[in-house]
Amino acid sequence: MGFVLLLLQFVFLSFVDNGSAGVTSAFIRSEWPSTDIPLDNEAFIAPKGYNAPQQYDSKYFYKIGDGDSAREFWFQTPSEINPDAPYTFGIIGDLGQTYNSLSTIEHYMQSGGQTVLFLGDLSYADRYQYNDVGVRWDTWGRLVERSTAYQPWIWSAGNHEIEYMPYMVIILVTVFIRSNVRCLVELH
Numbered sequence: 586m587g588f589v590l591l592l593l594q595f596v597f598l599s600f601v602d603n604g605s606a607g608v609t610s611a612f613i614r615s616e617w618p619s620t621d622i623p624l625d626n627e628a629f630i631a632p633k634g635y636n637a638p639q640q641y642d643s644k645y646f647y648k649i650g651d652g653d654s655a656r657e658f659w660f661q662t663p664s665e666i667n668p669d670a671p672y673t674f675g676i677i678g679d680l681g682q683t684y685n686s687l688s689t690i691e692h693y694m695q696s697g698g699q700t701v702l703f704l705g706d707l708s709y710a711d712r713y714q715y716n717d718v719g720v721r722w723d724t725w726g727r728l729v730e731r732s733t734a735y736q737p738w739i740w741s742a743g744n745h746e747i748e749y750m751p752y753m754v755i756i757l758v759t760v761f762i763r764s765n766v767r768c769l770v771e772l773h
């Protein structure tokens, strides 16, 4: 038995030593001091076309779907940047999907807010078991779509986005599985 454990340890350590261990590139960014790129550098040239960042205070229309299932939406870009440019943020957290949630979204939409800063605990889908968790993420998406389809929502995750399911045969402690599928966010 001791020999088998020693052999397994040797095999495991061989893979760890020779594996990439999460490294996807040999690139290593140089340390400080770093020099700012001049503003006229080609890296900062605005892309051609109507979807370029210099298009302030514009309304863009977009379509999702095909044929009879196609749906059209729009969004408004902010006004040109200046210290006196008005911009209204709504701050929402712990929304869930109750009648109180619905009244919160309706209140926000009537307020004239232009962007939501969402402080986490989005759908409360973790209160449900098995497939209902995925269903509850989908219903939450439909609940907030009345706003998210038309303006930016800036997300942060809360403890209710962690899917700890000890009642399943395999314990899933993977963080944010269903929320990441539905609300694509790059985690750093």
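Numbering of the sequence shown is given in our numbering, commencing with residue 586 and proceeding in unit increments.
Glycine included, every Cβ here is placed at the ideal spot set by N, Cα and C.
Practice problem: Would you give the residue range spanned by the beta strand (DSSP E) that Q661 belongs to? | Solution: In the DSSP assignment, Q661 falls within the unbroken beta strand (DSSP E) covering 656-661.
Practice problem: Closer than 7 Å by C-beta to R676: which residues in its own chain qualify, once you throw out the five before and the five after it? Chain order, please. | Solution: Before going on, a small fix: residue 676 reads as Ile here, not Arg. The answer, listed in chain order, is L702, L704.
Quiz prompt | Helix, strand or coil at A606 [DSSP, three-state] | solution = Because A606 sits at a pLDDT of 48, beneath the cut-off of 50, its placement in the model cannot be relied upon, and the following sentence gives the value as read from the coordinates. The answer is coil: DSSP assigns A606 none of H, G, I, E or B.
Quiz item: What number of angstroms, rounded off, separates the C-alpha of L680 from the C-alpha of I747?
Solution: Looking at the two C-alpha atoms, the distance is approximately 16 Å.
Quiz item: Residue range of the alpha helix (DSSP H) that L687 falls in?
Solution: L687 -> alpha helix (DSSP H) spans 684-696.
Self-check item: Proximal residues to Y778 (C-beta, below 6 Å), its chain only, five neighbours per side dropped
Solution: Since the first residue shown for the chain is 586 and the last is 773, residue 778 is missing from the structure and cannot be characterised.
Exercise. Measure the Cβ-Cβ separation of Q736 and T683 and say whether it is below 7 Å.
Key: With a cutoff of 7 Å on beta-carbon distance, Q736 and T683 are scored as not near each other.
Quiz prompt | Cutoff 6 Å; reference D625; Cβ partners in own chain excluding five residues on either side | solution = Non-local C-beta neighbours of D625 in its own chain, meaning closer than 6 Å and more than five positions away in sequence, are absent.
Quiz item: For A655, is the classification buried or exposed, using 16 other Cβ atoms within 10 angstroms of its Cβ as the cut-off for buried?
Solution: So A655 counts as exposed.
Quiz prompt | Check whether D717 and H745 have beta carbons under 7 Å apart | solution = Not a contact, by the Cβ cut-off of 7 Å.
Quiz item: Which residues in the same chain as A670 place their Cβ atom closer than 6 Å to its Cβ, once the five residues preceding and following it in sequence are excluded?
Solution: Correct list, in chain order: S664.
Quiz item: When the distance is taken between beta carbons, is Q661 closer than 7 Å to K648?
Solution: Contact: no.
Quiz item: If you draw a straight line from the alpha carbon of T673 to that of S696, how long is it in whole angstroms?
Solution: Taking the Cα positions, T673 is about 9 Å away from S696.
Quiz item: Buried or exposed: where does R721 fall if 16 or more other Cβ atoms within 10 Å of its Cβ makes it buried?
Solution: By the Cβ neighbour-count rule, R721 is buried, with 16 or more other Cβ atoms within 10 Å of its own.
Quiz item: Should S741 and W725 be called a contact, given that it needs their Cβ atoms to be closer than 7 Å?
Solution: Against a cut-off of 7 Å, the Cβ pair of W725 and S741 comes out as no contact.
Exercise. Measuring only between beta-carbons, confirm whether A742 sits less than 7 Å from chain D.
Key: Absent from the structure: chain D. Only one protein chain is present.
Practice problem: Output yes or no for whether 7 Å exceeds the beta carbon distance between A734 and F658. | Solution: Yes, the pair counts as a contact, with Cβ atoms nearer than the cut-off.
Quiz item: So I690 packs on R731, CB below 8 Å; how close in whole Å?
Solution: That pair is a contact at about 7 Å.
Self-check item: Extent of the continuous beta strand (DSSP E) run through G652
Solution: Unbroken run through G652: none, as it is neither H nor E.
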